[in-house]
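Structure first, then comments.
2 protein chains.
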Amino acid sequence: MSICSYMKGITLIVTEQIEICDVPMVDPEKVDRVKRALTDEETNDRLSHVFGALADPTRLRIIDALSREELCVCDISAALGLSQSATSHQLRTFRQLRLVRQRREGRLVFYSLDGFWTKIVIFIF
Amino acid sequence: MSICSYMKGITLIVTEQIEICDVPMVDPEKVDRVKRALTDEETNDRLSHVFGALADPTRLRIIDALSREELCVCDISAALGLSQSATSHQLRTFRQLRLVRQRREGRLVFYSLDGFWTKIVIFIF
DNA sequence: GGCATATATGAGCATCTGTTCATATATGAA
DNA sequence: TTCATATATGAACAGATGCTCATATATGCC
Chain A
1 MSICSYMKGI
11 TLIVTEQIEI
21 CDVPMVDPEK
31 VDRVKRALTD
41 EETNDRLSHV
51 FGALADPTRL
61 RIIDALSREE
71 LCVCDISAAL
81 GLSQSATSHQ
91 LRTFRQLRLV
101 RQRREGRLVF
111 YSLDGFWTKI
121 VIFIF
Chain B
126 MSICSYMKGI
136 TLIVTEQIEI
146 CDVPMVDPEK
156 VDRVKRALTD
166 EETNDRLSHV
176 FGALADPTRL
186 RIIDALSREE
196 LCVCDISAAL
206 GLSQSATSHQ
216 LRTFRQLRLV
226 RQRREGRLVF
236 YSLDGFWTKI
246 VIFIF
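Those protein sequences? They're chains A and B, same order as listed. The numbering used here numbers the first residue of the first sequence as 1 and each following residue consecutively. The numbering used here numbers the first residue of the second sequence as 126 and each following residue consecutively.
Printed below as a string of structure tokens:
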């Protein structure tokens, strides 16, 4: 929900609204309706980050690979023709977003998709 | 399908394989299985572009808005607090990926989501 | 035609991103 | 402990990205 949605009747900051929203409107009612319906900012940001994780060909390939089998870092690298470093950096992105699980087995670390993927879909569509 | 998958028995370019895939492997069979299963490069690229379109908070907000109602450029701008130029530039991204429809009505151009969104989901998940 | 408005687009710029390279950490084996 | 291997991470750099500003195009009205 954007700031402008809460502006009605708050005279004090109406000037701010004019500054922020100085774009002409065709259908103010529709605009207001849409503004109210919008997803909250936190969710929007979180979601854009998740899509960002899939927005790079290399990362999408890694997800593609992990959707087939659980793989250790070196096997991901081998399967996709990536350097160990590049693979590890990209896996960090996934880890931070909790899109993958990791499991250590001796010197190897095995990655797999978190059982979370279906949630994304439900979320947006 | 990567080059390496086709390398079996082709002695002539085995040296190339060694150069490309100089990362140690733990489970060559698994690596090979995964390589065979991977989505083709064209689809992978296309898909990463689509996700890229959703990977920016501003663009995701536009999609969010358009998922509620058909909107003209200035109303999108107004609803999201964006400049007309920024909005137009981002809509261009969507147009190029055919993620939106556009309909001109006088001086206004109305945008709406293409009925295509469900396809993405089916594709990956 | 001439003017106003809605949208599109190119240039320029600051920021973000993905890679490589070097190095650190972690585990296992000798 | 010492060495080798697997993974993680920081720095640096080239390329991509998203914005603004200026301007072009397109339509409607006079």
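Don't be surprised by glycine CBs; every beta carbon is placed ideally from N, CA and C. The model shown is predicted, which means the values in this text are computed figures rather than measured ones.
- In this structure B/Q221 is exposed. Its beta-carbon is surrounded by fewer than 16 other beta-carbon atoms within 10 angstroms.
- Close to B/D152, with beta-carbon spacing below 7 Å, are these residues of chain A in chain order: D75.
- DSSP places A/V26 in the coil class of the three-state scheme, outside both helix and strand.
- The C-alpha of B/C199 lies about 21 Å from the C-alpha of B/L179.
- Check the Cα spacing between B/Q209 and each of B/R171, B/G177, B/T183, B/R161: the tightest is with B/T183.
- Listed in chain order, the positions of the region 205 to 227 of chain B with a beta carbon within less than 9 Å of a beta carbon of chain A are L205, G206, L207, S208, Q209, T212.
- Here B/S237 carries a strand assignment [DSSP, helix/strand/coil].
- The region 189 to 197 of chain B makes contact with the region 24 to 41 of chain A: 3 or more CB pairs, one atom from each, lie closer than 8 Å.
- Of the residues assessed, B/R229 falls on the exposed side of the cut-off, its CB having fewer than 16 other CB atoms within 10 angstroms.
- The C-alpha of A/G81 is placed about 15 Å away from the C-alpha of B/T164.
- Using beta-carbon distances, B/G231 does not count as an interface residue toward chain A, since no partner is under 8 Å.
- Taken in chain order, the members of the region 177 to 189 of chain B whose beta-carbon sits within less than 9 Å of a beta-carbon on chain A are G177, A178, L179, A180, D181, P182, T183, R184, L185, R186, I188, D189.
- According to the DSSP assignment, B/R193 belongs to no beta strand (DSSP E), since it is labelled neither H nor E.
- Distance between B/H174 and B/T218, taken at the CA atoms: about 10 Å.
- Note: A/E105 is bridge-paired with A/L108 in the DSSP secondary-structure output.
- Taking the CA atoms as reference points, A/L108 sits about 6 Å from A/C72.
- Where A/D75 is concerned, the enclosing alpha helix (DSSP H) starts and stops at 73 to 80.
- Within the DSSP bridge table, the entry for A/V50 names no partner.
- Close CB contacts of B/L238 within its chain, under the 8 Å cut and outside five residues either way in sequence, are with I188, L191, S192, L224, V225, R226 (chain order).
- Residues of the same chain with a CB within less than 6 Å of the CB of B/T212, apart from the 5 flanking positions on each side, are V198, I201, S202 in chain order.
- Non-local beta-carbon contacts of A/A79 in its own chain, meaning distances under 6 Å to residues more than five positions away in sequence, involve A65 in chain order.
- Put simply, the backbone Cα of B/D170 is about 20 Å away from that of A/L47.
- Apart from sequence neighbours up to five positions away, the residues of its chain that approach A/E70 with a beta-carbon distance below 6 Å are F110, S112, ordered along the chain.
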